[in-house]
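Have a look at the structure below, then the notes.
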Amino acid sequence: MKFIIRRLKGIIIAINGMFFLLKNEEAIKVQSFVFLIIIALGFYFEITSKEWIIHIILIGFILTTEALNTVAEKICDLINPKYDERIKLIKDISAGAVSFAVLSSLIILLIIYFPYIKQLINSI
């Protein structure tokens, strides 16, 4: 029984973290809005199950890297709230990781949507 209670507490903690990110992090808010548009496009173009799976993986990938970026920034601010070139480098690298995730995901989404968009343009 203790095992189940600990698991439930862990789930509640994780959900609280997700809500914190959605409420407080502008990048997460913007990305979530973009994801809603991408999901709407998926429904509009009636993408395949495999393409939906790829969408879900990419959304999770971007949100996870953004969350880890936020963690890195919060830890850096806790360690040294004043400006420090070393802290700046850590934050820049962390933001760069998010950029890699976003750019690679964008390329994959373009590959997925190109045939659908091409077909739509040709039908006009």
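Note that this note's numbering has the sequence shown beginning at 1, numbered continuously upward.
Backbone N, C-alpha and C fix where the C-beta goes; we use that ideal spot for every residue, glycine too.
| Check | Outcome |
| --- | --- |
| 8 Å contact criterion, which Ile107 and Ile54 should meet: CB distance rounded | Not a contact, Cβ separation roughly 12 Å. |
| Beta-carbon proximity list for Ala97, same chain, < 7 Å, skipping 5 on both sides | Thr65 and Asn69 |
| Straight-line gap, Trp52 to Leu58 (C-alpha atoms, nearest Å) | 10 Å |
| 6 Å CB neighbourhood of Lys9 in its chain, flanking five on each side removed | none |
| Helix, strand or coil at Glu73 according to DSSP, with G and I counted as helix | helix |
| Outcome for Ser94 when other beta-carbon atoms lying within 10 angstroms are tallied against a minimum of 16 | buried |
| CA-to-CA distance, Ile56 to Ile117, given in whole angstroms | 20 Å |
| Whole-angstrom distance between Leu110 and Lys23, CA atom to CA atom | 29 Å |
| Separation of Met1 from Ile37, as counted between CA atoms | 42 Å |
| Pair within 7 Å by beta-carbon distance, Leu21 and Ala72 | no |
| Which listed residue (Gly60, Phe3, Tyr83 and Glu46) has its alpha carbon closest to that of Gln119 | Glu46 |
| Beta-carbon proximity check, Ala101 vs Phe61, cutoff 7 Å | yes |
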